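So our numbering is basically just the index in the sequence shown, starting at one, shifted up by 8.
Glycine is no exception: its CB is placed at the ideal position from the N, C-alpha and C atoms.
Nothing here was measured: the structure is a model prediction, and the numbers come from that model.
Before any comments, here is the structure.
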Amino acid sequence: MKRRDLLKGSAFAILATLTASYADTEKSTVERVETSEDTKLSKKGKNPKVVVVGGGWSGLALAKHVKRFAPQCDVVMVEKRDQFISCPMSNEWLVDLVDLDFLTHSYLDASNNNHYDFVQAEAIDVDQKKQLLKTTRGDIEYDYLVFAVGIDYDYFEWTKGDKVLERRLRSEYPAGFIPGSEHITIKEKIQNFKGGNFIITVPEGNYRCLAAPYERACLIADYFKRHQIKGKVVIMDESNKIRIKDEGFSSAFSEIYKDYIDYMPSAKILSFDLEKKIVETDFDEISFEDATFYPNVKSPYILEKLGMVKQTPYNRVESDIDQYSYKVKGSDHIYVCGDARPMGFSKSGNTAFSEGINVAQMIADEIHGKKPIWRSPVTTCFSLLRTQPQECISLYTEYDYDKKGKMRFKNSMTDEAWKSNGLGDARVAYAWAESMYQNMFY
Ligand SMILES: Cc1cc2nc3c(=O)[nH]c(=O)nc-3n(C[C@H](O)[C@H](O)[C@H](O)COP(=O)(O)OP(=O)(O)OC[C@H]3O[C@@H](n4cnc5c(N)ncnc54)[C@H](O)[C@@H]3O)c2cc1C
9 MKRRDLLKGS AFAILATLTA SYADTEKSTV ERVETSEDTK LSKKGKNPKV
59 VVVGGGWSGL ALAKHVKRFA PQCDVVMVEK RDQFISCPMS NEWLVDLVDL
109 DFLTHSYLDA SNNNHYDFVQ AEAIDVDQKK QLLKTTRGDI EYDYLVFAVG
159 IDYDYFEWTK GDKVLERRLR SEYPAGFIPG SEHITIKEKI QNFKGGNFII
209 TVPEGNYRCL AAPYERACLI ADYFKRHQIK GKVVIMDESN KIRIKDEGFS
259 SAFSEIYKDY IDYMPSAKIL SFDLEKKIVE TDFDEISFED ATFYPNVKSP
309 YILEKLGMVK QTPYNRVESD IDQYSYKVKG SDHIYVCGDA RPMGFSKSGN
359 TAFSEGINVA QMIADEIHGK KPIWRSPVTT CFSLLRTQPQ ECISLYTEYD
409 YDKKGKMRFK NSMTDEAWKS NGLGDARVAY AWAESMYQNM FY
């Protein structure tokens, strides 16, 4: 598999998708190689143009599948990063079970193999009247615009607007739920840990990947055990119980990691003393040697800036869309999908990927003059519990809405009997990830 041929070749093709009007006003940030008339991809031409912002699990699925379902479309994916690093399986990378190559993939491979354009740029604004997406590398015209922009962190509950505290939490104790530097810092923390309490927090609300903090706790505890580090993982969970695969994780905490994991339910942090390394809850003061603090999540700033957000029962800031059509309220051409959506579906990669396909189908249906139909996203989630032997637990669910439009779970199954289950072999988790990367990039 070709994975590391980044930054070769197609920069010219990429720039050819940009229009020049924004470049005129933002010369300092825009590299001009073509004149406006040469580079303009006109939405007035015969091909409908679909632009997706975000090259994560949802955006990659959407770009590929719009092109499949409506091959006549011009499809452009705008992503601010230059390469894809997977969050799923990053817990395994933190403790050396997979290498970085397994997680890292090329946007050029994805776009070349699946016949769409990749523009490495940040989306910064939208002119809805002119149907223009403004990016750091120029304007892009669209007929259909999809924001698959993932999540951002919301520190407000902890900091109440104290920017100094927020900056310190972000940089010294990163959450590790957005890929990149945060993960590298956390890996260094784990591998240099000398002993004592290592705090992991679990937020309330609908946070990204419900199972991942508990899986991370197991794998860090497993690492401490294997390397004979006298450390304890303290899981401070804001909820009153484990939110997902409760039986599997609880039994792992008590049976495999009795001396290595302290699980604290209803442990909402009220204050931080980062000098003394103490956090305070309603009931306790807990000291720590190191930590990763995972705050609440919210929709990314671009959607806030565009006024496309609302409050939900889950989170303070979420995108404001119709839950059946995925269209931003008040717009017929702008969609939001993946973790940035406000519905209570699991904020997870498999869910975001399947939703990308569903929304691609709905856009293709519109283009073909058919009535788009809502389909359920699909959540499949594997969590490794230990490494010797490697064992995992899993969950599957679909969703529907009742007559009042309230979300329900459908066809749910879990397999949490890690001591005896046939599917408990961790190979299925690696195989799932590999098949998803194949799907998105090749
Ligand atoms: C540790 C960990 C373990 C996980 N394990 C699993 C698992 O086992 N199974 C599972 O299904 N899920 C898992 N997940 C969850 C999964 O990673 C996310 O749910 C998934 O990434 C969501 O996909 P998305 O496309 O909505 O968002 P993302 O993958 O975050 O993609 C959004 C993209 O948009 C880009 N972007 C944002 N704003 C802009 C902008 N203005 N302009 C241009 N680009 C922009 C970002 O750079 C990003 O690449 C895990 C997550 C973590 C952190």
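Asked: DSSP three-state label for E223, please.; Found: helix
Asked: Quick test of your reading: N205 and S295, contact by CB under 8 Å. State the CB separation rounded to the nearest angstrom.; Found: 6 Å
Asked: Where do the ends of the alpha helix (DSSP H) carrying Q369 lie?; Found: 357-375
Asked: Please classify Y332: is it buried, with 16 or more other beta-carbons within 10 angstroms of its beta-carbon, or exposed?; Found: exposed
Asked: Rounded to the nearest angstrom, what separates Y150 and S274 at their Cα positions?; Found: 46 Å
Asked: Grab me the residues of K337's own chain with a C-beta within less than 7 Å of its C-beta, minus the 5 sequence neighbours each way, in chain order.; Found: D328, I329, D330
Asked: Hey, could you find the ends of the beta strand (DSSP E) I286 is sitting in?; Found: 286-288
Asked: Suppose only complete runs of 3+ residues qualify. What are the beta strand (DSSP E) ranges in the segment 231-261, listed by chain order?; Found: 239-245
Asked: Is the distance from the Cβ of A156 to the Cβ of A368 below 8 Å?; Found: no
Asked: When DSSP labels each residue in this structure, what does H123 get in the three-state scheme?; Found: coil
Asked: Suppose you measure from the CA of S258 to the CA of Y271; what does that come to, to the nearest Å?; Found: 9 Å
Asked: Pull up the CB-CB distance for A71 and N121, whole angstroms please, since I reckon it's below 8 Å.; Found: Not really, about 11 Å apart at Cβ, beyond 8 Å.
Asked: What's the call for M448, buried or exposed, on a 16-neighbour Cβ count within 10 Å?; Found: buried
Asked: For H376, count the other beta carbons within 10 Å of its own beta carbon; 16 or more makes it buried, fewer makes it exposed. Which is it?; Found: exposed
Asked: Taking 6 Å as the limit between beta carbons, can you name the residues of its chain near E288, skipping five residues before and five after?; Found: L278, S279
Asked: Span of the alpha helix (DSSP H) holding F390?; Found: Careful: F390 lies outside any alpha helix (DSSP H), inside the beta strand (DSSP E) at 387-395.
Asked: Taking 8 Å as the cut-off, decide whether the C-beta atoms of Y268 and V210 are in contact.; Found: no
Asked: Who are the Cβ neighbours of E255 in its own chain at under 7 Å, not counting the five residues just before and after it?; Found: E424
Asked: Per DSSP, what kind of secondary structure is L311 in: helix, strand or coil?; Found: helix
Asked: Our contact map puts V451 next to C400 with C-beta atoms below 8 Å; I'd like the distance itself, whole angstroms only.; Found: Because the chain in this structure spans residues 9 to 450, residue 451 falls outside the shown range and cannot be described.
Asked: With DSSP as the reference, identify every bridge partner of N304, one or two as the case may be.; Found: D162
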